[in-house]
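Residues in the sequence shown are numbered consecutively from 9, following my numbering.
Just so it is clear, CB atoms sit at the ideal spot from N, CA and C, and this is done for glycine as well.
On a predicted model such as this, the values are computed, not experimentally measured, just so you know.
Right, one structure below, let's go through it.
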Amino acid sequence: MESEITAQDVVHFTSNGAIVTDSDGIVVLINSRAAQLVGLNSASIIGTHIRSILRSAGDRVMRCIDTSQAELGYSESSENGHLIVNITPITARHGRPKGTVVNFQPMKELKKTAAKISSYKLIAKHLSTIFEASSDGIWVTDATGRIIALNRASERLNGIKSEEVLGQNVSIMLKNDLVDQNITPEVIRTRQSLSIMQYIKRTGRYLLVTGTPAFDEDGNLLLVVVNERDMTQLNWLQKKLEEVQMEAEKMKSELAELSLQRLQDQNIVAESEAMRQVYNIATRLSKAEASNILILGESGTGKGMLSQFIHQNSPRAKSPFITINCAALPESLLEAELFGYEKGAFTGAKEHGKVGLFELANEGTLFLDEIGDIPLAIQAKLLKYLDDYEIMRLGGTKSRKIDCLLVAATNQDLGILVKNKQFRQDLFHRLNTFTIKISPLRERQEDIFALTHNYLASFNRKYKKKNVIRAEGMTALQNYPFPGNVRELVNILREAVVMCDNRAIDQFIIAKLRNAQAEQPGTEESPSINMPFSLEDRLNALEKRLLMKAAKNCGTTLELAQAMKISQATAFRKLKKHAIILGE
9 MESEITAQDV
19 VHFTSNGAIV
29 TDSDGIVVLI
39 NSRAAQLVGL
49 NSASIIGTHI
59 RSILRSAGDR
69 VMRCIDTSQA
79 ELGYSESSEN
89 GHLIVNITPI
99 TARHGRPKGT
109 VVNFQPMKEL
119 KKTAAKISSY
129 KLIAKHLSTI
139 FEASSDGIWV
149 TDATGRIIAL
159 NRASERLNGI
169 KSEEVLGQNV
179 SIMLKNDLVD
189 QNITPEVIRT
199 RQSLSIMQYI
209 KRTGRYLLVT
219 GTPAFDEDGN
229 LLLVVVNERD
239 MTQLNWLQKK
249 LEEVQMEAEK
259 MKSELAELSL
269 QRLQDQNIVA
279 ESEAMRQVYN
289 IATRLSKAEA
299 SNILILGESG
309 TGKGMLSQFI
319 HQNSPRAKSP
329 FITINCAALP
339 ESLLEAELFG
349 YEKGAFTGAK
359 EHGKVGLFEL
369 ANEGTLFLDE
379 IGDIPLAIQA
389 KLLKYLDDYE
399 IMRLGGTKSR
409 KIDCLLVAAT
419 NQDLGILVKN
429 KQFRQDLFHR
439 LNTFTIKISP
449 LRERQEDIFA
459 LTHNYLASFN
469 RKYKKKNVIR
479 AEGMTALQNY
489 PFPGNVRELV
499 NILREAVVMC
509 DNRAIDQFII
519 AKLRNAQAEQ
529 PGTEESPSIN
539 MPFSLEDRLN
549 ALEKRLLMKA
559 AKNCGTTLEL
569 AQAMKISQAT
579 AFRKLKKHAI
589 ILGE
């Protein structure tokens, strides 16, 4: 069965010239036949006033708008001879018409085409059908926020009837306590496309709402189109998935009798080209079941998350993922955790011995975090495993064959450690088979936007808040160097959601970044950060930073005064002013 005729088919295949204008006479749609008849290019016509195309049409279109009466059958001259023109209003539900349809054809073809003229009513009907058939809710307001159209899907999602709101300002939705927040005023204020999660109180639904501004050729705001997508079911499924994953991790932890790091349900953010390349390489290595992968990167860049990604995308995804921080345990305990021990191997050993992490990771993945801090004695045993894929428990006499993928990570330069005899060169070469380097967050600002919105949404759900961040706060975040990388960004956002009393967290974040940067030793306050910072503020921040640096090495105010070449009274007064304690 052939598909229905669409509005696009009608517009482009009619033998008549057809131009659609808005209520100001601006051309918003034109078919190829119309462009041919008036001798102009379609692209150059859209957005221009009708009078620039058909001389007499300008006044007639505006009269049609003002009176809501059609202007039919008048003659207009063109390069192709006389045209017979009909101007018909596009009637709105309330108020003045939304625009006009200008339909014309050469007078010489009138008799031949009279029976085939496609009425503007048919075009309007198809456009209306498309508008109403959308499964997403659609709102249209004018530049002041007055509601001029909404479709049936929006009525269903919001639990309202169009008659309740048409012709009124969109603020009525908040006034009548129908929604928890309204995006249209923000789109009008910022003149930018924005998205929010909106809760509908009548229907109990969560909607992903995107507001998009539309402008005329002079840059004036004409309309705001709001698209609503129902996320209720998706949120429910995501919540159930999180519950199942958490339960699976809990069972795995109990069976293994170890406190293992649970996988966090976090979205992978890779907007920057650098991170896309990282995850592209990680995907190829995981599919190939490559072992001896070394992940390099500063602290807080997400090395642990990348190791989980490698495991989850490998054929071993259903097998254990075991992780340990090599810097968190002393040498004796670290060796026992990695390789296990037999009964009576040492004083305090469990009666039946203990399974090591290598054995637990058999057929799965073992992630060694902070590999640069592993003691030299254990490095030798790790090298032996990499040579023959066998381990021996402490106090044991029998080797055990182990098959696991090994992923290691460090924020240190292993080459320097090798040079300083702190890391075995042969182990370095074995671990360095496949290397992935994660760039610091300050070098991939494209990721900051997506990370911010992901974590802000997550913390809003966790702490039952509705905080938002606007352009001012986002600019400050993107201009901040983030010495703590993603971990620092997450901590800042968490604190802002929990501690900020305002719905918009911009000023809280700006103050937080200002203080953090002022406390960083050996750095100057960056003028590129887009935040209020007067000369007095900058001088105070510099003074505080210098005092803090000097105070760490001074035990008395006299020592501080001598070090900074100021009087003891001045030293005391400035310590009190900045709340600095000597020796800290």
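Specify the secondary structure class of residue i as computed by DSSP and reduced to three states.
i, result
"Y488", "coil"
"T220", "strand"
"F431", "coil"
"G635", "Nothing about residue 635 can be reported from this structure: the residues present for the chain run from 9 to 592 only."
"Q387", "helix"
"N333", "strand"
"E503", "helix"
"Y397", "coil"
"R213", "strand"
"Q206", "strand"
"G305", "coil"
"H461", "helix"
"T443", "strand"
"T75", "helix"
"A141", "helix"
"A558", "helix"
"I94", "The residue asked about is misnamed: residue 94 is Asn in this sequence, not Ile. If DSSP states are grouped into helix, strand and coil, N94 belongs with the strands."
"D185", "coil"
"L45", "helix"
Report the option in the options whose CA atom is closest to the CA atom of residue i.
i, options, result
"Q5", "G47, D144, K209 and G25", "The question about residue 5 has no answer here: the residues shown for the chain are numbered 9 through 592."
"G227", "G308, R199 and K427", "R199"
"A43", "V110, I382 and S407", "V110"
"Q420", "D381, P448, S40 and L394", "D381"
"A51", "E12, G103 and L37", "L37"
"Y397", "P328, N300, S466 and S447", "N300"
"H102", "L568, F490 and R154", "R154"
"S466", "N523, V498, K557 and A278", "V498"
"A6", "E339, L365, A222 and K409", "Here the chain has residues from 9 to 592 only, and residue 6 is not among them."
"Y463", "A504, K429, Q453 and D434", "A504"
Could you tell me the alpha carbon to alpha carbon distance between residue i and residue j, rounded to whole angstroms?
i, j, result
"T96", "M70", "11 Å"
"K133", "S162", "19 Å"
"C412", "N190", "52 Å"
"E140", "R160", "6 Å"
"L263", "G312", "Because the pLDDT at L263 is just 42, under 50, the model does not fix this residue reliably, and the value given afterwards should be weighed accordingly. Distance between the alpha carbons of L263 and G312 is about 23 Å."
"Q570", "I424", "38 Å"
"M594", "R581", "Outside the shown range of the chain (9 to 592) lies residue 594, about which nothing can therefore be said."
"T121", "N39", "Because the pLDDT of T121 is 49, which lies under 50, any placement of that residue in the model is unreliable, and the number read from its coordinates should be weighed accordingly. Their backbone Cα atoms lie some 17 Å apart in a straight line."
"L342", "W244", "41 Å"
"L7", "W147", "For residue 7 there is no data in the structure shown, the boundaries of the chain being 9 and 592."
"R284", "T291", "10 Å"
"R516", "A479", "Here residue 516 is Phe; the residue named in the question, Arg, does not match the sequence. Using only the alpha carbons, I get a separation of about 14 Å."
"S575", "E551", "15 Å"
"T14", "I138", "9 Å"
"V18", "I477", "45 Å"
"K248", "M254", "10 Å"
"Y393", "S280", "37 Å"
"E496", "I332", "22 Å"
"T29", "E251", "53 Å"
"L158", "S170", "7 Å"
"I446", "E454", "14 Å"
Sorted by chain position, which residues of the same chain lie with C-beta nearer than 7 Å to residue i's C-beta, five sequence neighbours on each side aside?
i, result
"K573", "none"
Cβ-heavy atom distance between residue i and the ligand PLP below 6 Å?
i, result
"Q515", "Judged by which ligands are present, the structure shown has none, so any question about the ligand PLP falls away."
Is the beta carbon of residue i sitting closer than 7 Å to the one on residue j?
i, j, result
"L439", "A458", "no"
"R63", "E79", "no"
"L414", "F436", "no"
"R553", "A526", "yes"
"L229", "A151", "yes"
"I379", "T418", "yes"
"G33", "I53", "no"
"F366", "I399", "yes"
With a threshold of 8 Å on Cβ separation, who are the neighbours of residue i within its own chain once the five nearest residues in sequence on each side are excluded?
i, result
"S31", "I73, R104, P105, K106 and G107"
"L202", "I191, E194, V195, T218 and G219"
"P448", "G305, E306, T309, F490 and N493"
"K585", "none"
"L35", "Per the sequence shown, the amino acid found at residue 35 is Val instead of Leu. For V35, where only same-chain residues beyond five positions count, the Cβ hits under 8 Å are I27, V28, T29, I53, I54, G55, T56, H57, I58 and I61."
Skipping 5 residues on each side, what residues in its chain have a beta carbon closer than 6 Å to that of residue i?
i, result
"S294", "I318, N321 and S322"
"N618", "An answer regarding residue 618 cannot be provided, because it is not within the stretch 9 to 592 covered by the chain."
"S315", "F375 and V415"
"K362", "G348 and Y349"
"K520", "I500"
"G55", "E225"
Step through the CB atoms of chain D and report whether any lies within less than 7 Å of the CB of residue i.
i, result
"G167", "Any reference to chain D falls outside this structure, which holds one protein chain only."
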